[in-house]
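J.: With the working numbering applied, the sequence shown closes on residue 366, and no number is skipped along the way.
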Amino acid sequence: MSISAERIVLEPGSADRHYWRDLWAYREVLWILTWRDVKVRYKQTVIGIAWAVLRPLLTMLILTVVFGRLGRFPSEGHAPYAVMVFAGMLPWFLFSSALSEASGSIVGNATMVGKVYFPRLLIPLAAIGGTLLDFVVSAALLVPLMAWYRYTPGWQVALLPIFVLLGVAASVGPGLWLTALNVKYRDFRYVIPFLLQIGLYVSPVGFTSAVVPGDWRLVYSLNPIVGVIDGFRWCLVGAEPYWPGFAVSSAVIALFLWLGLARFRATERSFADML
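(1) Once the 5 residues before and after Tyr117 are set aside, which same chain residues still bring their CB inside 7 Å of it?
(2) Could you spell out where the alpha helix (DSSP H) holding Gln288 opens and where it closes?
(3) Ser166 by DSSP, collapsed to three states: which one?
(4) Residues in the same chain with beta-carbon distance under 6 Å from Gly221, minus the five sequence neighbours each way, listed in chain order, please.
(5) Where do the ends of the alpha helix (DSSP H) carrying Lys134 lie?
(6) Quick one: what's got a C-beta closer than 7 Å to Glu359's C-beta in the same chain, skipping five residues either side?
(7) Under 8 Å by Cβ, that's how I've got Val303 and Ser340 pegged, so tell me the actual separation to the nearest angstrom.
(8) How is the alpha helix (DSSP H) around Pro335 delimited, first residue to last?
(9) For Tyr110, which three-state DSSP category applies?
(10) Using a 10 Å radius around the Cβ and a threshold of 16 neighbouring Cβ atoms, would you call Phe285 buried or exposed?
(11) Can at least three beta-carbon pairs, one atom from the segment 265–285 and one from the segment 184–202, be found at a separation below 8 Å?
(12) With a CB to CB cut of under 7 Å and the five nearest residues on each side skipped, what residues in its chain are close to Ser294?
(13) Mapping the DSSP letters down to three states, classify Asn273 as helix, strand or coil.
(14) Going by the CB atoms, is the gap between Gly329 and Phe254 shorter than 8 Å?
(15) Let me know the secondary structure DSSP gives Val296 once reduced to three states.
(16) Between the Cα of Phe362 and those of Gly351, Val174, Trp122 and Asn200, spot the shortest distance and give me the residue it belongs to.
(17) Please classify Ile289 as buried or exposed, where buried requires at least 16 neighbouring CB atoms within 10 angstroms.
(18) What does the alpha-carbon distance come out to for the pair Glu119 and Phe226?
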């Protein structure tokens, strides 16, 4: 098979020895799979991509009422509470959507896995890449929202792409681990939405992480998405992150990334048999 005018020669054991070289050689497959996932997701849908607008707006309204009005939680910096909540929802939806799509990606492409050779890692990565379109659409809502509240972000907004990449990295590690588990245990797909639902309320999406007592902030930062959310809010509403906690979250992201990749690679060769 030829990709980008390169020849891939299949020999016994070559898939392991040249895995990362093959991953680069098949990079066009990543784009093809990503675009296919995007088209399939919105094909024959009633509201289509508008769901990427309605879901964050409705969630923002609910969380603003529950935590801001009823719970009377404080906002961060000088930003209105709704803007603060939306700034925290963006990385959470990126994380949760990527995790959900990646976890079922191998099972959803069972036919391809059983018949065609290519690095299987491309499948969950393509699923995660497909969620970036929803993220871009949701992020665009910040412009009219900030205009409505007459709020202008500071210079930190230029650093937002760094935290977007960190949010993607936070989803890749657990996503690869859950992908491997879902191939072996099919009923695990019912557990993932439940875990994400709990995660929405234990992560600082509807409230600021500053409400966590100081003695517990490092422990709370073991939740990797905490550091990502704090980073987003620093960029968008100017709230200074708890930097020791951010370092802990970043370390946990790196650990999960290594563990997820190791688990995926260890079970990758058995995917075709289990599917």
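Even for Gly, the Cβ is constructed at its ideal location relative to N, Cα and C.
T.: According to the data block:
(1) Ile94, Phe209, Pro210 and Leu213
(2) Val282 to Val293
(3) coil
(4) Thr125, Asp128 and Val129
(5) Here Lys134 belongs to no alpha helix (DSSP H), and DSSP marks it neither H nor E.
(6) Arg211
(7) Not quite, the Cβ-Cβ distance comes to about 13 Å (not below 8 Å), so this is no contact.
(8) Trp334 to Thr358
(9) helix
(10) exposed
(11) yes
(12) Trp183, Asn314, Ile316, Val317 and Ile320
(13) helix
(14) no
(15) coil
(16) Asn200
(17) exposed
(18) 22 Å
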